[in-house]
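Numbering (our numbering), first residue to last: 42 to 493.
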C-alpha cells in the first residue's frame with residue numbers, strides 16, 4: 042500500500058494525465074505488489090512503468106495529430122498481447138460482440154479464417170459457400186493490401202476490422218500466392234451464415250463435411266448420420282469425414298464430435314503454465330456410427346479443433362487419416378471478458394493428442410498422403426481378346442455362344458445410359474475424396490471376404 046502514492050507521482054506530473062491512467066497503472070502495480078515483494082528486485086518493474094507513462098504523455102501531447110487516450114490505451118494493450126503470439130489479442134466491445142455472434146454461426150464479412158505471418162494476413166481457410174471461397178481464395182494465401190493500403194503495421198484485430206463492413210460493399214484484396222506475381226481480388230461483403238455440417242450419400246458411402254466447429258456442429262453431425270443411415274440402410278459401407286479447410290472453432294464441439302465416434306479413452310488434453318489451465322477430456326460410451334469404418338480428410342487448411350478430432354481418431358485407431366499435413370495450430374486461447382471494455386484473447390495452454398503429441402507447429406500427419414490432383418481418362422482402343430480369336434474354346438459356364446468375331450457396334454443414340462450412385466461416385470472430380478471412397482470400399486470388400 043505504501044507504494045501506490047509513488048506510482049501516482051510517477052504519472053501525475055502534468056494535469057493532462059487523466060485519472061484513468063493513474064487507476065490503470067496503479068491497479069497493475071498493486072495487483073502485482075504481493076508477487077514483486079517476494080522477489081529481491083522490484084525497481085525494474087517501476088522503471089518500466091515510468092517509461093510507459095513518459096511515452097504515453099509525450100505521444101498524447103506532441104504527436105502530429107490529436108489521439109484519444111482510449112485509442113492509445115487500446116493500441117498499447119493490443120501491442121502487448123500481439124507481441125506474445127499470433128493468436129493473442131485484445132477485443133474491444135464491438136469485436137467481442139462480433140466474435141460471440143460468429144460462434145453462434147452467423148456474422149457479417151468475407152467468410153475467411155486468417156492469422157498473421159511476417160506482418161501480413163495469412164489465409165488459414167476460406168469457409169465453404171462464402172464470398173471468400175467463391176472468389177477463389179486458398180489456404181496459405183497472403184494478403185498484403187486492403188483497398189490498396191498496406192497491411193504491414195496493422196494488428197490482426199485491426200486487419201479483421203478493416204475487412205468487415207456494410208453488407209453489399211466491396212473490398213479489394215491484394216494476394217500473394219506462392220511464386221506468382223501479386224494480384225487483386227475484389228470481394229463483396231455478405232452476411233455469413235455458416236452451415237457447419239453438410240452431408241450426402243455417395244454410392245454406398247456416407248459423406249459428411251464439417252466446415253467449422255460452432256454451436257451447431259454436434260447436432261448437425263447427428264442429423265447427418267441419421268439421414269445417411271435412413272437412406273442407405275444395409276448398403277452403408279462407411280463414412281468419409283471431410284475436415285479439409287476447416288479452421289477450427291469451439292473446443293467443446295471438437296470434443297463432442299470426437300466423442301461421437303469413440304467408445305472410451307482420452308480425446309484431448311491441454312497443458313498450461315498454470316495448473317488451472319490444464320485439463321483432460323475423455324470419451325463416453327456410444328458410437329454414433331455403430332463402429333462403421335471412417336476415413337478423415339485433412340489438408341493444410343485443417344486447423345485447431347479439426348486437428349483435435351483428427352488426432353483423437355488417429356491415436357485411437359478409429360479412423361484412417363488421408364490427405365496432406367494439417368496447419369499445426371495447437372494452442373488454446375481463453376476469452377477473458379474485461380468489464381465494460383470487451384475482452385482479451387490470451388493463449389493459455391497447448392493441445393496434446395491422446396498419445397501425448399503436441400499439435401503446435403507440426404499438425405497432424407496423415408496415415409496416407411494424397412496430394413490434390415486432377416485425373417484424366419485416357420482413350421484407348423479395345424484390343425483383341427481370346428474370345429475374338431477364330432475357333433476359340435467356349436466358356437463352359439456361359440450359356441451364350443462365343444462370337445468368333447467382334448460384334449458390330451451398336452447404333453448411335455441421343456439418350457444417355459442410366460448411371461448408378463456407384464458410377465457417379467467413380468466420376469468424382471475431387472481426387473482426394475475419390476481415393477477416400479475407394480479406400481472404404483476396399484476395407485468393406487476385404488472384411489466381407491475374411492468373414493466369408
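Even for Gly, the Cβ is constructed at its ideal location relative to N, Cα and C. Keep in mind it's a predicted model, so treat the numbers as computed, not measured.
Report, in whole angstroms, the separation of the C-beta atoms of residue i and residue j, which I expect to be a contact under 8 Å.
i: residue 249; j: residue 300; result: 16 Å between Cβ atoms; not a contact.
i: residue 376; j: residue 407; result: Actually they do not touch by this definition, with Cβ atoms about 31 Å apart.
i: residue 165; j: residue 156; result: 6 Å
i: residue 23; j: residue 231; result: Limits of the chain in this structure are 42 at one end and 493 at the other, which puts residue 23 out of reach.
i: residue 38; j: residue 255; result: As shown, the chain starts at 42 and ends at 493. That puts residue 38 outside it, with no answer to give.
i: residue 308; j: residue 324; result: 6 Å
i: residue 201; j: residue 161; result: About 13 Å; that fails the 8 Å criterion.
i: residue 198; j: residue 130; result: 5 Å
Kindly list the residues whose CB is nearer than 7 Å to the CB of residue i, restricted to its own chain and excluding five residues on each side of it in sequence; keep chain order.
i: residue 314; result: none
i: residue 330; result: 266, 280, 302
i: residue 173; result: 151, 152, 153, 167, 228
Where does residue i land, buried or exposed, given buried means 16+ other C-beta within 10 angstroms?
i: residue 246; result: buried
i: residue 204; result: buried
i: residue 267; result: exposed
i: residue 262; result: buried
i: residue 465; result: Its pLDDT being 49, under 50, residue 465 is placed unreliably by the model, and the measurement read from it follows with that caveat. With fewer than 16 other Cβ atoms within 10 Å, it is exposed.
i: residue 419; result: exposed
i: residue 332; result: exposed
i: residue 251; result: buried
i: residue 224; result: exposed
i: residue 380; result: exposed
i: residue 488; result: exposed
i: residue 415; result: exposed
i: residue 311; result: buried
Could you give the distance in angstroms between the alpha-carbon of residue i and the alpha-carbon of residue j?
i: residue 364; j: residue 340; result: 6 Å
i: residue 159; j: residue 194; result: 10 Å
i: residue 229; j: residue 235; result: 17 Å
i: residue 413; j: residue 296; result: 28 Å
i: residue 138; j: residue 394; result: 31 Å
i: residue 345; j: residue 115; result: 27 Å
i: residue 462; j: residue 122; result: For residue 462, the predicted model reports a pLDDT of 47, less than 50, meaning its position is unreliable and no value from the coordinates is stated.
i: residue 431; j: residue 424; result: 15 Å
i: residue 351; j: residue 405; result: 7 Å
i: residue 277; j: residue 354; result: 20 Å
i: residue 338; j: residue 178; result: 20 Å
i: residue 270; j: residue 264; result: 10 Å
i: residue 342; j: residue 274; result: 33 Å
Identify, in the order they occur along the chain, each residue of the same chain with its Cβ nearer than 8 Å to the Cβ of residue i, setting aside the five sequence neighbours on each side.
i: residue 372; result: 126, 128, 388, 390, 391, 392, 401
i: residue 382; result: 133, 134
i: residue 272; result: 242
i: residue 182; result: 163, 164, 216, 217, 218
i: residue 347; result: 251, 254, 284, 287, 288, 289, 295, 339, 367
Output needed for residue i: all residues of its chain with C-beta closer than 6 Å, excluding positions within five of it in sequence on either side, in chain order.
i: residue 458; result: For residue 458, the predicted model reports a pLDDT of 39, less than 50, meaning its position is unreliable; a value from the coordinates is still stated below. Answer for residue 458: no residue qualifies.
i: residue 480; result: 336
Would the C-beta of residue i count as close to the ligand ADP, meaning under 7 Å from any of its heavy atoms?
i: residue 426; result: Looking at this structure, you won't find the ligand ADP or any other ligand, since it has none at all.
In chain order, which continuous runs of the alpha helix (DSSP H) of length 4 or greater are located wholly inside the stretch 78-162?
84-103, 110-123, 134-144
Those runs of the alpha helix (DSSP H) which lie wholly inside the stretch 391-431 and span at least 4 residues:
none
Every unbroken alpha helix (DSSP H) within the stretch 158-229, with a cutoff of 4 residues, ordered by chain
172-175, 197-204
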